[in-house]
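Numbering (the numbering used here), first residue to last: 40 to 259.
Glycine included, each C-beta is placed from N, C-alpha and C at the ideal position.
Shown next, in C-alpha cells, is the structure this report addresses.
Pasting the structure below:
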C-alpha cells in the first residue's frame, strides 16, 4: 500500500492523464480495468490519442502550484514531484482538525498553461487517468472554465469548478466530460440554473485530495 498517488501521461501500459479524441464518428469500445474486481467501462474511445502531460509532453511542473486549505486557515499541504519515467507523484497530508473536519490539498495549473497544449478539448469526449501506484483514497480532477482572479491579499477568488472523482488504485480510469459536475467551494451546485461543463473553454486543471468532512485524512 502506497501513501501517495503516482500518475503519468504515457502510452498504454504506463499510467497518466491521457486526453482522447473522436474523429469522424469512427469509434470503438475498449474495456478498461478500473479496480481490482475488474469492473469495466465501455466508454467509446477513438484510436487517436492526444497527450496532455507526460510521454512526449512535459508536465511543466514549474507551472503548477499548490492550492491547499491553508488559504482558509487550514493545515493541509500537497506536493507534485517528478518521478521516472515521466510520471508525477501527488502526495501530501490532509489535516481535518483546523477546519472542523473539512480539509483539502491540491495542485493547479498556471493561467494559460492549458492553452499552450496541443489538445482540442472541444472535439474530445473525456480523458484517461493512468495510475502507476495509489493508496485507494478518493481523488478529484477539477476544471475551471473561467480565468481565475486574484484578490488583493493574494488569494484566488472562489469560482465554480467542474469536478470528477476517481479512486487512487493502480490501473486506468476513463472519465467522460459528462461526469464533470459543477461545484462551488467544495459543494455541488444545485438548482435550476446549474452551469454545464464546456470542455472547449477550459482555463485550468487541478488534482485534488479532500477530506469529505473527516471521511479521509492524514497522509496521501
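Reference residue i, options the options, closest by Cα
i: residue 183; options: 207, 152 and 209; result: 152
i: residue 27; options: 134, 126, 195 and 158; result: Any property of residue 27 remains undetermined from this structure, which presents the chain solely from 40 to 259.
i: residue 186; options: 154, 172 and 214; result: 154
i: residue 177; options: 166, 206 and 149; result: 206
i: residue 212; options: 231, 158 and 170; result: 170
i: residue 138; options: 243, 107 and 208; result: 107
i: residue 217; options: 181, 128 and 224; result: 181
i: residue 150; options: 228, 227 and 242; result: 242
i: residue 156; options: 230, 92, 229 and 256; result: 92
i: residue 239; options: 135, 127 and 158; result: 158
Residue i classed as buried or exposed, judged by whether at least 16 other C-beta atoms fall within 10 angstroms
i: residue 75; result: Low confidence applies here, because residue 75 scores a pLDDT of 36, under 50, leaving its location unreliable and the question unanswered by this model.
i: residue 100; result: exposed
i: residue 174; result: buried
i: residue 86; result: At residue 86, the pLDDT of 43 sits below 50, so the modelled position is not reliable; the number obtained from the coordinates is stated separately. Result: exposed.
i: residue 115; result: buried
Range of the contiguous beta strand (DSSP E) that encloses residue i
i: residue 205; result: 200–206
i: residue 173; result: From DSSP, residue 173 is part of no beta strand (DSSP E); its letter is neither H nor E.
i: residue 251; result: No beta strand (DSSP E) holds residue 251; DSSP gives it neither H nor E.
i: residue 122; result: 116–122
i: residue 143; result: 143–148
For residue i, the three-state DSSP class (helix, strand or coil)
i: residue 110; result: helix
i: residue 138; result: strand
i: residue 105; result: strand
i: residue 132; result: strand
i: residue 188; result: coil
Below-9 angstroms beta-carbon distance, residue i vs any chain D residue
i: residue 168; result: No chain D is part of this structure, which consists of one protein chain only.
Taking 8 angstroms as the threshold, find out whether the segment 135–150 comes into contact with the segment 236–249 through three or more Cβ pairs.
yes
Pairs of beta-carbons, one from the segment 228–245 and one from the segment 199–217, closer than 8 angstroms: are there three or more?
yes
Determine, using beta-carbon pairs with one atom in the segment 114–123 and one in the segment 158–167, whether at least three such pairs fall under 8 angstroms.
no
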